[in-house]
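Heads up: the sequence shown begins at 1187 in my numbering, then just goes up one per residue.
The structure appears below as structure tokens.
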Amino acid sequence: MLGGERGNFGYQLGLRIEHTDRNIDLVGESTDFELKRWDYYPTVHFSYNLPADQEIMASFTRRLQRLRGWDLEPFYSWSDAYNVRIGNPNLIPEYIESYEVSYQKRFTKNVISVDVYYRVTNNKIERLRSIYDDSDNIFLTTFANVGESFSLGTEIMVGFDPARWWHFDLMGNIYDYRQEGELNGRNYSAESFNWNARLNNNFKLARFTRLQFTGMYNSPTVTAQGTSEGFFVTSLSLKQDFFKNAFSLTLAVRDVFGTMGHRSTVQDTDFYTYREWNPSTPIFTLTASFRLNNFRDRRRGSNGDSDPMDDMGGEEVGF
């Protein structure tokens, strides 16, 4: 990584080079699946400071979405009497190229930022369903690299402190999504206008007691073979520290209002399916943690101040 500043102008230039040597050998069979390749991941970032705590930035990055092991395993796995899945050992990773221009304005402890971005995903991995072995009601799910996807949008983030004991972050993302692909003579192109929003509320109830409430909404979107409906989910976490932050208890509630249900459709030339997933929620978890050495506090200063909601146990939800 190479970086520097000259007046109000700053820059960072970087390059990561990676070699992949992957071989999947099936015991007892003569077939193996080999992947050898070099990949390059450049990073270019420019910034310029404006008066009144304002900053504009422009960047380009290329990154890798690594594969999960079970996506590659060429073995049949039954989830129930009507659904079976198999991995694809020929999968190659997704490569994401991101172009971004952003503006940021700070107001003492508050901040607002606006990003405009264009992202291209190559070797797009899609979950594909088909009829299993000419059956009437059994479906096979697998994974395949199907073309490319393109996202053009705007992301807005506002961080605000209404009171000394309350901080919230509001984030919104609006983008046009398009994917183009063809596999085995079938077209998997689709397009939709998507948006999502997230609100994090952080409350410092006492010196060692903190509360976090999070809400997130994802809009409906398209997939390679159908649609995925929107969903809304909330979570709540209460953290209590003891013995100068050496020991803590965190009580977390996932899907507080039971709204995390999800619905999707899959359609092909010879079938149509509608799936509805309604988990048993809310889900309660209690976590205890003990720190032998509080290195984080030492790094941040002698007073031990840190982000009010560190280690609150929040998590992303996806389908």
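By construction, the Cβ of each residue, glycine as well, lies at the ideal position given by its N, Cα and C atoms.
Residue ranges of uninterrupted beta strand (DSSP E) with 3 or more members, entirely inside the region 1316–1372 and ordered along the chain, are 1325–1331, 1334–1349, 1352–1366. Taking each of R1449, Q1411, Y1403, R1393 in turn and checking the Cα distance to F1429, the smallest one comes out for R1393.
L1391 and W1351 have their C-alpha atoms roughly 7 angstroms apart. Between the region 1295–1311 and the region 1319–1327 there are fewer than three C-beta pairs closer than 8 angstroms, too few to call the two in contact. Residues of the same chain with a CB within less than 6 angstroms of the CB of A1244, apart from the 5 flanking positions on each side, are F1232, V1287 in chain order. D1207 sits in a strand when the DSSP states are folded into three classes. In this structure, the CA atom of N1373 is about 14 angstroms from the CA atom of R1315. Contact annotation: I1278 and T1328 have beta-carbon atoms that are not nearer than 8 angstroms.
In this structure, G1416 sits near S1405, with a CB-CB distance shorter than 8 angstroms.
Between E1204 and Y1234 a beta carbon distance of about 31 angstroms is seen, past the 8 angstroms cut, so the two are scored as non-contacting. Setting aside the 5 residues that flank it on each side, F1418 is surrounded in the same chain by Y1403, T1445, each with a C-beta closer than 6 angstroms to its C-beta; the list follows chain order.
Within the same chain, and ignoring the five residues on either side of D1355 in sequence, the residues whose Cβ sits closer than 6 angstroms to its Cβ are G1345, N1386. Burial state of L1478 is exposed, judged by a 10 Å Cβ sphere holding fewer than 16 other Cβ atoms. For D1427, no alpha helix (DSSP H) run applies; the uninterrupted beta strand (DSSP E) run containing it begins and ends at 1417–1428, by DSSP. D1211 is the residue among N1388, A1376, V1230, D1211 whose C-alpha sits nearest the C-alpha of N1276. DSSP places L1258 outside any beta strand (DSSP E); the residue lies instead in the alpha helix (DSSP H), whose first and last residues are 1255–1258. For K1222, the enclosing beta strand (DSSP E) begins and ends at 1218–1236. Taking C-beta atoms as the reference points, S1450 and G1412 count as a pair closer than 8 angstroms. Separation of the CB atoms of A1410 and G1371 is rounded to 14 angstroms, and the pair is thereby denied contact status at 8 angstroms. Under the criterion of beta carbons closer than 8 angstroms, Q1240 and Q1290 qualify as touching, at roughly 7 angstroms. The Cβ neighbour count for L1397, taken over all protein chains shown within 10 Å, is at least 16; the residue is labelled buried. DSSP places E1280 in the strand class (E or B) of the three-state scheme. Spanning the alpha carbons of P1237 and G1196 requires a straight line of approximately 15 angstroms.
Straight through space, the alpha carbons of F1457 and N1464 are spaced by roughly 23 angstroms. Pairing T1247 with S1284 gives a Cβ-Cβ distance under 8 angstroms. The shortest C-alpha to C-alpha distance from F1293 to any of Q1251, D1347, G1255 is the one to D1347.
DSSP, reduced to helix, strand and coil, places A1438 within a strand of the structure shown. For the pair N1388 and T1400, the Cα-to-Cα distance works out to about 9 angstroms.
Contact annotation, L1369 with A1330: C-beta distance approximately 6 angstroms; criterion of less than 8 angstroms satisfied.
Here L1188 carries a strand assignment [DSSP, helix/strand/coil].
Contact between G1339 and Y1281 fails: their C-beta atoms lie close to 19 angstroms from each other, not under 8 angstroms. For F1246, the enclosing beta strand (DSSP E) starts and ends at 1240–1251.
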